[in-house]
Each structure stands twice: as C-alpha cells, then as structure tokens.
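Contents: one structure, followed by commentary.
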Amino acid sequence: MSQSLSEGENAMVGIAAGIADISCIQWAYYLKNARQQSLPLSFNPRVLYRGYTANCANVAAGTSFQFAMAGALNKLVLQGERRELRDAEKVGTGFLAGFSSGIVAAPMELVMTQQQNKGGSILRNVKTLLGHPPTTLFRGFFPTCMREGLFTASYLGVAPVLRAKLATAFPGTNEEVHRILAATAGAACSGILSHPFDTAKTCMQGDIERSKFGSFGQTCRELSKSGGAAFYRGLEFRFLRQVWQVWVLDLLRVKLSPMMFPYRFRAEANLPRQELAMA
Numbered sequence: 062m063s064q065s066l067s068e069g070e071n072a073m074v075g076i077a078a079g080i081a082d083i084s085c086i087q088w089a090y091y092l093k094n095a096r097q098q099s100l101p102l103s104f105n106p107r108v109l110y111r112g113y114t115a116n117c118a119n120v121a122a123g124t125s126f127q128f129a130m131a132g133a134l135n136k137l138v139l140q141g142e143r144r145e146l147r148d149a150e151k152v153g154t155g156f157l158a159g160f161s162s163g164i165v166a167a168p169m170e171l172v173m174t175q176q177q178n179k180g181g182s183i184l185r186n187v188k189t190l191l192g193h194p195p196t197t198l199f200r201g202f203f204p205t206c207m208r209e210g211l212f213t214a215s216y217l218g219v220a221p222v223l224r225a226k227l228a229t230a231f232p233g234t235n236e237e238v239h240r241i242l243a244a245t246a247g248a249a250c251s252g253i254l255s256h257p258f259d260t261a262k263t264c265m266q267g268d269i270e271r272s273k274f275g276s277f278g279q280t281c282r283e284l285s286k287s288g289g290a291a292f293y294r295g296l297e298f299r300f301l302r303q304v305w306q307v308w309v310l311d312l313l314r315v316k317l318s319p320m321m322f323p324y325r326f327r328a329e330a331n332l333p334r335q336e337l338a339m340a
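Just so you know, we're using our numbering here: the sequence shown kicks off at 62 and counts up by one.
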C-alpha cells in the first residue's frame, strides 16, 4: 500500500481498482458460487453477470477498505521511519486489513449470492433479507473474514514480495513477467488456504433458510460428509479469478496511485533534494 497517500486517497484507489477488476471477472464469481452449491451452470451472459451491481459495491467497498486499512497499518508499523516494510510486515498487515474488511464484504456478498440463486433486483433481495432476523445480514461472517484475510495477504503481501525477489534474481526480465508469475504463485497459495472458508461461506449465504447449512461448524460437518474434495468445489474458477485479481490489483495499486494523486509523488521525489538543501 502506498505510504505516500492518506487513508482516504488509498481508499479512492481501492474503489477504482475494485470496479475495474469486477467488471472483467464477475462471470467467474457466478460459476464458482454455482459449483460450490452444486447448482447447474449457465453460460448465458445475463445469468453470468447477475449480481454484478451488488458485487461492484462489494468489491469497491471491500478493496477501498483494505487499501485504506493496510495504509494505516503500514504507517503504524513504521512509526515514522522512512524505510520499506519487511516481507513479514507486508503479509501481516495485508492479512489484518483483509480480515477486518469482512464486516463490509459479508452482507454485500450475501445480497449477491441470493440474487444469483433466486434472481430479482437488488432492492427485492435486500427487502427479503430485511424480513429475516438481523443476524442473517452477517451470515457467513467468520469464513468471509478468514477468506479476505488470506486473499489480501496474498495481493498486498505475498505477490509484491515475490515480484521484488524475482526482480532481484532476474534483473533483465520484463517487470510484467515478474508480476504475472508472482500473481500466479500468490493466487495458488491463497486459493489452497482460503477456498474451504469460501465454500463454507457461499453455502451458508445461499441457504439463509438453514434448510441444510446452519452455523459455520455445522456447514463444515455437512460438507465433510461428501469428503474433503467438497471444500474445494469451484476452485478452478476461483483460481482463474484470483490469478487475475492478484495481478490486476497489484498492477493498479502501483499504477493508479501516481495517476490519481500525482502531487503526492512529486513531493516525495523532491524530498531528498529539499532535505539536502536545508542541511
């Protein structure tokens, strides 16, 4: 996360990056969710992009929250020091930023999942959900937090760390090659660790009536009846989506910040000269 930007500016970069991301990859959310719930797949574009608006709001809000929180945590860790974060610090602050964003992601993904399963408008689905007990809005909250923590640690921590190490090991290689390789490795690591949480979350949010899936523990026990592979349903679609997302969010994080707030980076570039002149 850029240490040059304020929390609000980091959030604005996150909103722009999130909307660009979801506009390209919404179809993979539908396919992944359908596979996790053992629902029939449809390749009708109108079905593939069902829940798009709700997911735009979800990803824009979630990514902006993660960018802003990571920026704040980075500054807290550095305590005013002018240095790069250590590798473990990048991964750790990424996980905490992602975990805390579950409070934003859980209710918004609930609306999207219900809309994908049952159709109808956002307002109709929100109205239906409001007719249930208030706790329903945060159904799947814990697995959402865990999934977001692991995923954010990947794109804000693991991918940048791997990209930097590849650049050091292979200095003559194009930067985008490093970025793609780091995104693939980061997505694989994140996907394997976080997909069981994501599957449990999707099953819980798709069954607000609790006809089959109850609490997180009950959902895990129900899935385990079908064997360990049940926790990895839809992994193929999520892996494709995560390679894209880890790559594009890392890319946009780096490229959009100076484009949207150039004055911050001009000031930073001039700082050493100013300090030298004052000395």
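Glycine included, C-beta positions come from ideal geometry on N, C-alpha and C.
- Residue nearest to R185 within the set L92, M173, M207 is M173 (criterion: CA-CA distance).
- When the five nearest sequence neighbours on each side are left out, the beta carbons in the same chain lying within less than 6 Å of the beta carbon of E70 are those of F322, in order along the chain.
- Secondary structure of P232 (DSSP, three-state): coil.
- If you look at Q127, you'll find it in the alpha helix (DSSP H) that goes 113-139.
- Short of 7 Å from the beta carbon of T280, and not among the five residues preceding or following it, lie these beta carbons of its own chain, in chain order: A261, C264, M265, F274.
- In this structure C85 is exposed. Its beta-carbon is surrounded by fewer than 16 other beta-carbon atoms within 10 angstroms.
- Inclusion of F199 and P168 in the CB contact set at 8 Å is warranted, their separation being smaller than that value.
- Contact holds between the segment 207-225 and the segment 153-166, because three or more Cβ pairs, one in each stretch, are under 8 Å apart.
- Segment contact: the segment 296-309 against the segment 92-99, three or more CB-CB distances shorter than 8 Å; contact assigned.
- Excluding the 5 residues flanking it on each side, V138 has same chain C-beta neighbours closer than 7 Å at L146, E150, T154, in chain order.
- Cα atoms of E170 and V108: separation of roughly 16 Å, rounded to the nearest angstrom.
- Under the three-state reduction of DSSP, F203 is assigned to helix.
- A buried status is given to Q303, since no fewer than 16 other beta-carbon atoms sit within 10 Å of its beta-carbon.
- Contact annotation, Q175 with I269: C-beta distance approximately 7 Å; criterion of less than 8 Å satisfied.
- Between the alpha carbons of F202 and F258 lies a distance of about 10 Å.
- L313 places its beta carbon less than 8 Å from that of A78.
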